[in-house]
Amino acid sequence: MNSTLLDSADSVLHHKPRAILSVLLGALLSGALCLTPSLVQAKQVTLNSPDNQIAVTITDDNARPQYQVSFNDKPVINLSELGLSFISIGELSDQFKLINTKTNSVNSQWQQPWGEQQWMQDHHNGVIATFSDGQYQFDVEFRAFNDGIGFRYHFPKQHQLTDLAINRELTTFAIPEPEKATSWWIPARGWNRYEYLYQKTPVLDIDRVHTPYTIKLDNGVHLSIHEAALTDYAAMTLDQRRGGILRADLTPWSDGVKVKTQAPFSSPWRTIQIAPKATGLLNSSLILNLNEPNKLGDVSWVEPGKYAGIWWGMHIGENTWGSGDKHGATTSETKRYMDFAAASGFIGVLVEGWNLGWDGSWFHNGDVFSFTQSYDDFDIKAVADYGKQLGVRLIGHHETSGSVTNYRKQMDDAYDLYEKNGVTQIKTGYVADGGDIKRVDENGIVRHEWHDGQFMVNEYLHSIEQAAKRKISINTHEPIKDTGLRRTYPNWISREGARGQEFNAWGTPPNNPSHTPTLAYTRMLAGPMDFTPGIFDLAPEGLDAVNRVQTTLMKQLALYVVLYSPIQMAADLPKNYAKYPDAFQFIKDVPTDWTTSIALQGEVGEYVVFARQERGGVSDGRDWYLGAITDDSQRTLTIDLDFLDKNTRYQAQIYRDGPDANWQSNPYDYIVETKHVTNADKLELPLATSGGAAIRFKAL
Ligand code: NOJ
Ligand code: CA
26 MNSTLLDSAD
36 SVLHHKPRAI
46 LSVLLGALLS
56 GALCLTPSLV
66 QAKQVTLNSP
76 DNQIAVTITD
86 DNARPQYQVS
96 FNDKPVINLS
106 ELGLSFISIG
116 ELSDQFKLIN
126 TKTNSVNSQW
136 QQPWGEQQWM
146 QDHHNGVIAT
156 FSDGQYQFDV
166 EFRAFNDGIG
176 FRYHFPKQHQ
186 LTDLAINREL
196 TTFAIPEPEK
206 ATSWWIPARG
216 WNRYEYLYQK
226 TPVLDIDRVH
236 TPYTIKLDNG
246 VHLSIHEAAL
256 TDYAAMTLDQ
266 RRGGILRADL
276 TPWSDGVKVK
286 TQAPFSSPWR
296 TIQIAPKATG
306 LLNSSLILNL
316 NEPNKLGDVS
326 WVEPGKYAGI
336 WWGMHIGENT
346 WGSGDKHGAT
356 TSETKRYMDF
366 AAASGFIGVL
376 VEGWNLGWDG
386 SWFHNGDVFS
396 FTQSYDDFDI
406 KAVADYGKQL
416 GVRLIGHHET
426 SGSVTNYRKQ
436 MDDAYDLYEK
446 NGVTQIKTGY
456 VADGGDIKRV
466 DENGIVRHEW
476 HDGQFMVNEY
486 LHSIEQAAKR
496 KISINTHEPI
506 KDTGLRRTYP
516 NWISREGARG
526 QEFNAWGTPP
536 NNPSHTPTLA
546 YTRMLAGPMD
556 FTPGIFDLAP
566 EGLDAVNRVQ
576 TTLMKQLALY
586 VVLYSPIQMA
596 ADLPKNYAKY
606 PDAFQFIKDV
616 PTDWTTSIAL
626 QGEVGEYVVF
636 ARQERGGVSD
646 GRDWYLGAIT
656 DDSQRTLTID
666 LDFLDKNTRY
676 QAQIYRDGPD
686 ANWQSNPYDY
696 IVETKHVTNA
706 DKLELPLATS
716 GGAAIRFKAL
């Protein structure tokens, strides 16, 4: 049984066995012995990253499966638990021995159809460790990369077990010196899903947090705990038990079960990114490397680009989603936005509030929505045809308000309608309190689920798969967190999953100056975010108002480079862009698809500098772009331009805060200037409080 198990688990790997393990496996030599594991003396296997800086030790030393991780010989995860617990058969942990290991090694390249990096290097060493108590068995598959590790469980078919219910995952992450380790987090299982301001506290002070969970150990090493390839399973949150012991806490179904599954199954990957400094986390490709390759085949129809939309007007109260004098989604307004988008080189116009259901209290009652019937003043065919003439697409919108059964019932018709009208992107929304997604089960009973429980994990993916059949991409708001599934489903083009720009319109408090420099090192490690940057009227109700954007104008530009997404909104109203045409030029120019991305400098929550090289585009991939943002502190950064091509001269088009800029009272003071530079130069960039700088390096 054991060898069959390993063969099947291993068939997904490219074999290139290497001597990477120091295995102390006592009597463990043959498959026959696996059937009598009590004779096995154990005990541990060590897996090294290709550069040997990371070492993972997997052991059964304490008569149960455990692991620990070190970086440059210092512990980054102390001895921690492995195992699963099922309602029917109990905990698989105590008395489980390491009975077999199988190693492999991979060094290969793969290409992203779109992304922050075109070519990805997958270089890792792996081991599949089989644990058994003589009755049941399971595998833990580990991979060690130079930028961190991942592990997942494989549970084979055994003892005629079919339907299984997981009531607990036993995985823990033991953080060394938790009282001295700084961390950045948002709470898990809260009513506002992922839309919280980040807290910065010692690890010791956290309760239950979402991932990615970013940690700076006392010795300066940075970690981020997250997961990869979350499908048909509950999301993992982290619950602190005894000081520093973080348990994988799976978000439950409404009936309390964590995961409903069948043998055989594999869990998502539990991931730990490891870097000597903060920017190392941003330059890591661990999460994508642990996802399955593209399942959709030709995805040339997935189209990165910038978009405008009938959106911010509703958030600041100039328009309404519902019908009436201020209705935003009218045929004429959509055409006006399409003219603006065409003149700006954008690919589309998002229209929210076009479909019946927005009048009255949609907020807690998504059953009111029709996804096929429009208000009388919105003619979907007329706007789609108008856009076609201009080369601008209508971008679709479906707000479910968390009534997923209502959405499911209409999904085919709704996606067909969009497909018929040439719509290739839909923004979906699941506005509902955490734990309050409404579904009607197979017996007609209404249930309330979490956005990150297994039910919704599957529901979100169902929308992606149905959309893919029609060559439609999905931008999910109020989503399940990103775990890199864009590799497998490249039409999952972006998502929200954190506090976005919308909070600056009505959030109390709005996003603070350190919010985006924190997002870069937390939420963004998961994948693209539809943050919707580019607000130019920073305080529609005056600079003293509570609800305003707490940045300078230049920081809004820099966000296009810093916060990666293949689709980026120019979120403000066209009339506000008309006030600052020289600054708007950067939004027109900045690409959304990249050959290379490099995080150059930064500290979590304080500042970050990204350089990215355009993929294709007007420069045929020769131009570079840079974005730098800071928190409440002003700072002057010295940027070494050695990332630029050696043999090219560039015109640097620099958009930076002016000498008197500050976010509170003078956010519009800015300078646009040009300089000729080469890769031997350095640039001084002054950033105001909550300021930023954006640069296009135009290849000459
Ligand atoms: C929440 C989304 O995040 C926001 O962008 C959208 O405008 C509203 N839902 C209404 O659908
Ligand atoms: Ca939202």
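If you're matching positions, the sequence shown starts at 26 in this note's numbering and goes up one per residue. Where is the CB? At the ideal position from N, CA and C, for every residue including glycine. Bear in mind that the values here come from a model prediction, so they are computed numbers and not experimental data.
For H487, the enclosing alpha helix (DSSP H) begins and ends at 479 to 494.
Remark: C-beta atoms of G175 and L311 approach each other more closely than 8 angstroms.
Cβ-Cβ separation between D257 and V482: approximately 7 angstroms, consistent with a contact (criterion under 8 angstroms).
Between ligand 1 and H476, a heavy atom-to-CB distance of less than 7 angstroms is absent.
Sorting A608, T621, I112 by C-alpha distance to the C-alpha of D670 places T621 at the top.
Membership of N601 in the alpha helix (DSSP H) is indicated by the continuous run 599 to 602. I250 and I420 have their C-alpha atoms some 34 angstroms from each other. In the same chain as Q134, and ignoring 5 residues on each side of it, the C-beta atoms closer than 8 angstroms to its own belong to W144, M145, Q146, D147, in chain order. The three-state secondary structure of Y92, taken from DSSP, is strand.
A624 has its alpha-carbon roughly 20 angstroms from the corresponding atom of A713. As computed with DSSP, P277 is found in no beta bridge at all.
Around the CB of T449, 16 or more other CB atoms lie within 10 Å, so the residue is classed as buried. Distances from the CA of G559 to each of A88, G334, T236 were compared; the closest alpha carbon is that of G334. Remark: C-beta atoms of V587 and A523 do not approach each other more closely than 8 angstroms. Looking from the CA of D477, the closest CA among E116, K506, D706 belongs to K506.
Assignment of H235 by DSSP, reduced to helix, strand and coil, places it in the coil class. In its chain, beyond the 5 residues on either side, N704, A705 have a beta carbon closer than 8 angstroms to the beta carbon of D667. In the three-state reduction of the DSSP assignment, Y332 falls in the strand class. For I499, same chain residues with a beta-carbon under 7 angstroms away, outside a window of 5 residues either side, are I451, T453, S488, I489, A492, N516, W517, I518 in chain order.
With a cutoff of 8 angstroms on beta-carbon distance, Y178 and L255 are scored as not near each other. Beta bridge pairing from DSSP links S291 with H179. The DSSP assignment places 450 to 454 as complete runs of the beta strand (DSSP E) inside the stretch 433 to 464, in order along the chain (cut-off: 3 residues). Taking 7 angstroms as the cut-off, the C-beta of E377 counts as close to a heavy atom of ligand 1. Distances between the C-beta of H352 and the heavy atoms of ligand 1 are all 7 angstroms or more.
Per DSSP, the beta-bridge partners of Y695 are D682. The DSSP assignment places complete beta strand (DSSP E) segments of no fewer than 3 residues inside the stretch 105 to 155 at 109 to 111, 115 to 117, 122 to 136, in order along the chain.
Distances from the alpha-carbon of S292 to those of P212, P181, G215 put P181 closest. Residues of the same chain with a CB within less than 6 angstroms of the CB of I83, apart from the 5 flanking positions on each side, are V70, Y92, A154 in chain order. In this model, S74 and K127 are separated by some 16 angstroms (Cα to Cα).
The beta carbons of F403 and T355 sit closer together than 8 angstroms.
Beta-bridge annotation (DSSP): P212 is paired with V234. Taking A677 as the centre and dropping the five residues before and after it, the same chain places the C-beta of K700, V702, I720, F722 closer than 6 angstroms to its C-beta, in chain order. Judged by DSSP in its simplified three-state form, K285 adopts strand.
Taking 8 angstroms as the upper bound for CB-CB distance, G630 and P542 are in contact here, some 6 angstroms apart. Relative to the Cα of L107, the nearest Cα in the group R295, R168, T239 belongs to R295. In this structure, the CA atom of K360 is about 21 angstroms from the CA atom of G342.
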